[in-house]
Amino acid sequence: MEAGEAAGAVLFLLAAAVSLLAAVSTGALDFTYLVTVVGEGSSTSPGSGGGAWWREAWVGARSRAVAPALQVGVWACMVMSVMLVVEATYNSAVSVAARLVGWRPEWRFKWEPLGGGAGAGDEEKGEAAAAAAYPMVMVQIPMYNELEVYKLSIGAVCGLKWPKERLIIQVLDDSTDAFIKNLVELECEDWASKGLNIKYATRSGRKGFKAGALKKGMEWDYAKQCEYVAIFDADFHPEPDFLLRTVPFLMHNQNVALVQARWVFVNDRVSLLTRIQRTFLDYHFKAEQEAGSATFAFFSFNGTAGVWRTEAINDAGGWKDRTTVEDMDLAVRATLKGWKFIYLGDLRVKSELPSTYKAYCRQQFRWSCGGANLFRKMIWDVLVAKKVSSLKKIYMLYSFFLVRRVVAPAVAFILYNVIIPVSVMIPELFLPIWGVAYIPTALLIVTAIRNPENLHTVPLWILFESVMSMHRLRAAVAGLLQLQEFNQWIVTKKVGNNAFDENNETPLLQKSRKRVNLPEIGLSVFLIFCASYNLVFHGKNSFYINLYLQGLAFFLLGLNCVGTLPDHCCF
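According to the working numbering, the sequence shown is numbered sequentially starting from 79.
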């Protein structure tokens, strides 16, 4: 067991203890009231004085069957809520502590600049250094019909500072549009004429999607000569010193398999949708990735903006297409082989956020479904792994998989979009205040701690996440049960140059010209009905303000009133 793992375990226990102590000290924990008695429920039922037989029958059934069944769901959600708040508190605590002490990966892993001036980005010194000091590196750019961004991504990668004779650029083009394929190939030929060692690679089919393309790319003879492989999706644009800042970690630490950079976004201010996405992803990188790197040297590869050791990829079994999260799959398998990961929060790579609600939903479905499905596939492998400590196994199964991939979407949807709305019509149902008020407040605080610059969007983010929980839970269930859609792969549509135009401002809310989203509309009707019922027939709790806001959020997203709407990516 390493010091980082032990520290991570201690901090997790401290986070749990602090959460419990805060709940006890405020009197929030009250388990004495489980299910309200029938008589009390009937007295609060609207219109109960009429004496109609059907009303009495409903009150009896509600008290004896409906309320107890829902109460089981309530306590299940309370347990999951505690799991979620402890996990979030732990991640934020580790992240904040690392920032306060100025922790950097260099404290744990050796790093030395290449060519004497690499750290400073001195191009002349880098070019003058002996070529032997630089290992062979291949940069892969997988793409699929990327008309809007192919020039930007290829140009950015070709601008990386690295000796030309030690760098291979591989464009993996799975495009089905012959016109786009021709443009991409011509772009590669143009850069090749300038002296770059750039390879244009295609294949006969799209088996395995991105994982299949990456796997095929590793089979070329020239790829086998490369010690390290950097990967950039078609909408990612690394700075010229990317390799100079990442590869030395791999060269000087033989147990490190991956160096991951942070994403930043060029279109995070063009619409309400992209602003909310930034809040979500900023927390992921600032809290989850930093916490995993600082303690267990494990986190999920984000699929792009990272550099892999070729030996680690092969040792882990190579790229596999069994899930829609081939990046996470490889990261978990590599970790079980004893490899470690490094996350560089101060190394940022520009990228593009999905600009339409439909594109974002598809992306989130793929991520959530794939993560849950990988959990199902990897449980036994994690348990029997011999090259990782017991603490890391617990972290992987409990925190990384169970809480983040299953518990988070389940409690977010079931508690806040089903049980709480229904509770306004079931007075016998007991909802502990600590579960429906204190825990959400605590989650809001620990999220805001690492996202102070996004504080003004947090209320809208909460409502948006309420809607997205429906899609994530559906995806998680599909992944866990391997339903028909569990292995669907739809490439996220890119905007390209429009996204990189800083003057491209659009309205925060903009309606699509196409069809409505029926699931969102249906839930909006349900939530607004429950809110109206709660407003007219006051019960023990008053949730109607929150329910009206949630219903409005579902309604607006049901009408696609969010995001940008370029003519070439309408839906």
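A virtual CB, placed ideally from N, CA and C, is assigned to each residue, including glycine.
Close Cβ partners of residue i (< 8 Å) along its chain, the five nearest in sequence each way excluded
| i | result |
| --- | --- |
| Leu509 | Val152, Ile497, Ile498, Ser501 and Asn619 |
| Leu225 | Asp255, Ile258, Leu261 and Gly574 |
| Gln442 | Met546, His549, Arg550 and Ala553 |
| Leu336 | Phe379, Gly384, Val385, Trp386, Arg387, Ala390, Ala409, Ala412, Trp417, Phe419 and Ile420 |
Between the CA atoms of residue j and residue i - distance to the nearest angstrom
| i | j | result |
| --- | --- | --- |
| Ser170 | Glu366 | 8 Å |
| Met329 | Val545 | 45 Å |
| Asn582 | Ser433 | Residue confidence for Asn582 is low, a pLDDT of 45 falling below 50, so the modelled location carries little weight and cannot support an answer. |
| Met161 | Thr525 | 15 Å |
| Leu558 | Ile599 | 26 Å |
| Leu238 | Leu321 | 7 Å |
| Asp313 | Ser282 | 24 Å |
| Arg356 | Pro530 | 12 Å |
| Glu563 | Gly381 | 21 Å |
| Ile246 | Ile219 | 11 Å |
| Lys242 | Trp417 | 29 Å |
| Arg347 | Val640 | 13 Å |
| Val410 | Ile623 | 43 Å |
| Arg593 | Tyr435 | 13 Å |
| Ser253 | Arg284 | 9 Å |
| Asn392 | Lys293 | 10 Å |
| Glu297 | Arg483 | 32 Å |
| Pro326 | Leu425 | 14 Å |
| Gly295 | Asp405 | 15 Å |
| Lys415 | Ser467 | 11 Å |
| Ile472 | Lys465 | 14 Å |
| Ala154 | Asp407 | 29 Å |
| Trp397 | Ala289 | 6 Å |
| Ala520 | Ala437 | 31 Å |
| Thr324 | Tyr212 | 12 Å |
| Val150 | Gln332 | 50 Å |
| Ala556 | Asp459 | 21 Å |
| Pro537 | Val462 | 43 Å |
| Ser271 | Glu263 | 12 Å |
| Asn451 | Trp181 | 34 Å |
Sequence-distant residues of the same chain with beta carbon closer than 7 Å to residue i, five excluded per side
| i | result |
| --- | --- |
| Thr56 | Residue numbering for the chain in the displayed model covers 79 to 649; residue 56 lies beyond these limits and cannot be assessed. |
| Ser602 | Gly629, Phe632, Phe633 and Gly636 |
| Leu359 | Trp341 |
| Ala486 | Leu162 |
Enclosing alpha helix (DSSP H) for residue i [first to last residue]
| i | result |
| --- | --- |
| Ser610 | Leu596 to Val614 |
| Asp268 | Ala256 to Ala270 |
| Lys277 | Not the alpha helix (DSSP H): Lys277 falls in the beta strand (DSSP E), residues Ile276 to Ala279. |
| Gly617 | Note, Gly617: premise wrong, no alpha helix (DSSP H); not H, not E. |
| Phe327 | Phe320 to His330 |
| Thr535 | Looking at the DSSP string, Thr535 is not in any alpha helix (DSSP H), and its letter there is neither H nor E. |
| Gln303 | Element bounds for Gln303: n/a, residue is neither H nor E. |
| Glu226 | Note, Glu226: premise wrong, no alpha helix (DSSP H); not H, not E. |
| Arg353 | Leu350 to Tyr361 |
| Thr373 | Glu368 to Thr373 |
Those residues which DSSP pairs with residue i across a bridge
| i | result |
| --- | --- |
| Ser429 | Phe343 |
| Ala308 | Val217 and Val385 |
| Asp251 | Met221 |
| Tyr421 | Gln338 |
| His315 | Lys428 |
| Ile662 | Any property of residue 662 remains undetermined from this structure, which presents the chain solely from 79 to 649. |
Sub-7 Å separation of residue i and residue j beta-carbons
| i | j | result |
| --- | --- | --- |
| Val249 | Tyr278 | yes |
| Asn345 | Glu430 | yes |
| Leu605 | Leu627 | no |
| Ala490 | Ala176 | no |
| Gly370 | Thr401 | no |
| Glu368 | Gly286 | no |
| Ser159 | Arg528 | no |
| Ala234 | Pro316 | yes |
| Leu148 | Leu507 | yes |
| Phe187 | Ile354 | no |
| Trp269 | Cys236 | yes |
| Phe374 | Lys470 | yes |
| Met216 | Ala301 | yes |
Bounding residues of the beta strand (DSSP E) (the contiguous stretch that carries residue i)
| i | result |
| --- | --- |
| Val496 | No beta strand (DSSP E) holds Val496; DSSP gives it neither H nor E. |
Proximity test, residue i beta-carbon vs the ligand COA heavy atom, cut-off 6 Å
| i | result |
| --- | --- |
| Ser231 | No copy of the ligand COA occurs in the structure displayed, which carries no ligand at all. |
Spatial neighbours of residue i in its chain, beta-carbon cut-off 6 Å, leaving aside the 5 residues before and after
| i | result |
| --- | --- |
| Lys455 | none |
| Phe363 | Arg340 |
| Arg444 | Thr402 |
| Asn595 | Gly636 |
| Trp240 | Leu321 |
| Met214 | Arg244, Gln303, Cys304 and Glu305 |
| Gly119 | Unreliable positioning characterises Gly119 in this predicted model, as indicated by a pLDDT of 43, which lies under 50. A coordinate reading is not provided. |
| Ile232 | Glu265 |
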